[in-house]
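Everything on this sheet refers to the single structure shown next.
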Amino acid sequence: MPVWPWRLRTRPCTCANPPGATVSPWPETGCHDLGPCMQVLIVDDDPLMAELLETLLSGTRPDLHIRVAHSFQAAMSAWKSLTKPVLLLLDWSLPDGDGLTLLKTIRRHDQTVPVLIVSGRSDRESVTAAAHYGVSGYITKPFEPALVRSRLDKLLPAPGVSAGRTLEEALREELEHLTRLSGHTDSGSILELMAEAEKLSADGLARRWQRDLALVARLLDVANGVSLRRSGEPVNNLQDAITVMGVDHALQQALALSLDASAGIDISVLSHRARQFHGLSLAIADKASELARAMGLDERPLYLAGLMSRVGEMAVLDVLQRHIQQCGELTEQQVDRYVQAWAQEYGNRLKVSWKLPLAIRELSGATHFLPKGVASRDKLAMRLAAMLVAGQEDTEECQRLRRLAGLSEDKVDEP
């Protein structure tokens with residue numbers, strides 16, 4: 002497997018190639034019967050800005066295949082590998098070159114692909130020079146996410162309809178490029194916070210947002226990308242994630258997520274299950290925090306692990322909603338069967354994609370199953386929290402876990 006100098010956040014196409022052929026990351030034939038892959042390249046030397054643009058793009062069109070490059074050379078390598086680009090988002094200033102030179106090079110080979118300049122340079126000469134090479138728009142930093150979103154809506158081609166896929170095929174293909182979870186973050190409340198950004202702290206935002214599953218996941222994803230590049234150390238709680246990013250960037254990410262066109266489960270056969278899973282994850286997180294305090298453990302990683310404990314189920318519901326919108330109804334029994342069959346794989350894929358530390362992933366997994374011989378007190382607490390929330394406090398296993406954790410019944414309030 003080659004190591005590419007850019008970053009790929011969605012899956013490459015997996016179309017068949019003739020024997021002996023050189024396999025490109027973006028085969029010319031597209032993705033089976035789904036039509037040609039729609040490839041977008043983001044070029045920006047600021048990782049946080051690139052992440053923000055990626056959030057806006059994937060929220061506008063979840064079917065896009067997005068690449069991110071942080072330098073001139075990485076951008077050139079990425080661009081040469083694309084076969085069906087539909088949009089280029091380009092910063093002017095790069096560490097080893099400039100965006101205008103990159104644009105000139107691209108225009109020698111492609112006169113039609115839309116290019117949106119997103120730059121801190123706003124002088125007339127720069128804007129005029131870019132216009133000479135047929136850019137489709139010029140946005141100066143800092144920008145309003147809603148403005149970028151509206152430009153993207155106009156520049157991206159209309160979505161095609163996935164034809165000929167069974168639901169099993171759709172679930173398998175969605176799994177291969179899964180990177181995010183839809184949510185219900187309210188744009189108005191985020192804008193109100195942005196108006197008072199100078200008064201906000203990472204701790205205050207973490208307390209405000211700690212129960213917003215999709216937002217917590219996205220901020221951890223972005224912060225881990227930055228932290229791992231800087232220090233090699235992962236981020237494992239929301240407050241640290243906001244600290245790594247800075248309050249302003251965290252607010253921008255939150256607003257971008259609130260503009261996600263695919264956000265929310267609103268089909269009745271799915272919506273009540275979404276509420277159940279979301280409520281269950283919050284209840285487990287709260288109970289895990291309570292147990293951590295009673296056991297003298299750090300409650301933050303346990304709370305996060307509880308919050309992440311049902312992301313697989315939520316992600317499967319996202320896919321089922323898109324399938325119902327395109328192909329018709331599913332019965333409640335079918336929904337339950339698909340959730341049960343796919344939730345574990347989807348949850349594992351998301352947690353890895355979000356770069357959650359292995360310790361957090363293992364704690365989250367302990368809410369479902371605790372292997373024999375596991376004596377880690379934090380994992381005992383997670384399994385015990387899940388059982389108490391499920392009303393299994395009188396079972397033999399629950400009583401055994403209480404004893405192993407050193408907890409008497411009066412130390413733990415029943416749900």
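When you number the sequence shown by the working numbering, it's gap-free, plus one each residue, and the end is 416.
Yeah, the Cβ is synthetic: ideal placement off N, Cα and C, and Gly gets one too.
Quick caveat, the model's predicted, so the values are computed rather than measured.
Identify the continuous beta strand (DSSP E) that holds residue i and give its terminal residues.
i    : result
H66  : 66-70
S183 : Element bounds for S183: n/a, residue is neither H nor E.
L42  : 40-44
V136 : Taken as a continuous stretch (DSSP letters only), V136 belongs to no beta strand (DSSP E), as it is neither H nor E.
L89  : 86-91
S409 : No beta strand (DSSP E) contains S409, which DSSP labels as neither H nor E.
V116 : 116-120
Evaluate residue i with the Cβ neighbour count: other Cβ atoms within 10 Å of its Cβ, from every protein chain shown; 16 or more gives buried, anything less gives exposed.
i    : result
R372 : As written in the sequence, residue 372 is Pro, which differs from the Arg given in the question. Its Cβ having fewer than 16 others within 10 Å, P372 is exposed.
E398 : exposed
K200 : exposed
D395 : exposed
D241 : buried
P96  : exposed
T335 : According to the sequence provided, residue 335 is Gln. The question's Thr does not apply to it. Flag for Q335 reads exposed.
L319 : Correcting the residue identity first, residue 319 is Asp in this sequence and not Leu. When all chains shown are included, D319 counts as buried.
P158 : exposed
G100 : buried
F278 : buried
A196 : exposed
R208 : exposed
D46  : buried
Q326 : exposed
A257 : buried
E52  : buried
D267 : exposed
Q211 : buried
S365 : buried
A132 : exposed
Alpha helix (DSSP H) containing residue i: first to last residue?
i    : result
P48  : 48-61
Y304 : 300-308
Y347 : 333-354
S290 : 269-296
S365 : 359-367
L402 : 397-406
V312 : 312-328
I243 : 239-246
L101 : 100-110
P146 : 146-156
V223 : 214-231
R176 : The amino acid at residue 176 is misidentified as Arg; the sequence shows Leu. Element bounds for L176: 168-177.
L389 : 378-390
Q204 : Note on identity: in this sequence residue 204 is Asp, with Gln being the wrong assignment. Note, D204: alpha helix (DSSP H), 203-210.
F73  : 73-82
Using only alpha-carbon positions, find the residue among the options that is nearest to residue i.
i    : options                : result
A289 : L389, D337, V317       : L389
L408 : E175, R230, M296, T186 : M296
D337 : K142, M77, R274, L303  : R274
S282 : T113, M77, R384, E170  : R384
P358 : G226, Q322, M246       : G226
T56  : T102, A215, V248       : A215
L271 : S72, R378, T332, A367  : T332
W343 : Y139, L168, L220       : L168
W93  : L364, H369, V128, L298 : V128
H66  : I140, E175, E170       : E175
G121 : M50, K142, Q345, F370  : K142
D213 : S123, E126, G247, R276 : R276
S202 : D187, I140, G247       : G247
Apart from the five residues just before and just after residue i, which ones in its own chain have a Cβ nearer than 7 Å to its Cβ?
i    : result
E234 : S228
N238 : R301, P302, L305
Y134 : L104, K105, R108
I191 : L252, A255, L256, S259
D249 : A198
V245 : A224, V227, S228, V236
H324 : L168, A171
Output needed for residue i: all residues of its chain with C-beta closer than 6 Å, excluding positions within five of it in sequence on either side, in chain order.
i    : result
L90  : I43, L54, L117, V119
V340 : E314, V317
L381 : L402, L405, A406
A1   : The requested residue 1 does not occur in the structure, where the chain is confined to residues 2 to 416.
Q400 : none
P115 : L88, S137, L156
D355 : According to the sequence as given, residue 355 is Trp; it is not Asp. Within the same chain, W355 has close Cβ partners A218, L221, D222.
Ignore the nearest five residues each way along the sequence and tell me which others in residue i's own chain have a CB closer than 8 Å to its CB.
i    : result
I361 : N237, P302, L305, A306, M309, K352
L172 : V317, V320, Y339, W343
A22  : Annotation note: pLDDT 29 at A22 (below 50); position unreliable, no value reported.
V312 : L182, L214, A218, S282, Y347, G348, L351, K352
Does at least one heavy atom of the ligand GTP sit under 6 Å from the Cβ of residue i?
i    : result
K352 : In the structure on display, the ligand GTP does not appear, and there are no ligands present to speak of.
**Request:** Could you say if the region 170-182 and the region 345-356 meet the contact criterion of at least three C-beta pairs nearer than 8 Å?
**Result:** yes
**Message:** Counting beta carbon pairs with one atom in the region 61-72 and one in the region 102-114, are three or more of them shorter than 8 Å?
**Reply:** no
**Item:** contact_flag[the region 145-161, the region 74-91] where n(CB pairs < 8 Å) is 3 or more
**Value:** yes
**Request:** Tell me, please, whether the region 130-146 touches the region 241-260 by the rule of three or more beta-carbon pairs shorter than 8 Å.
**Result:** yes
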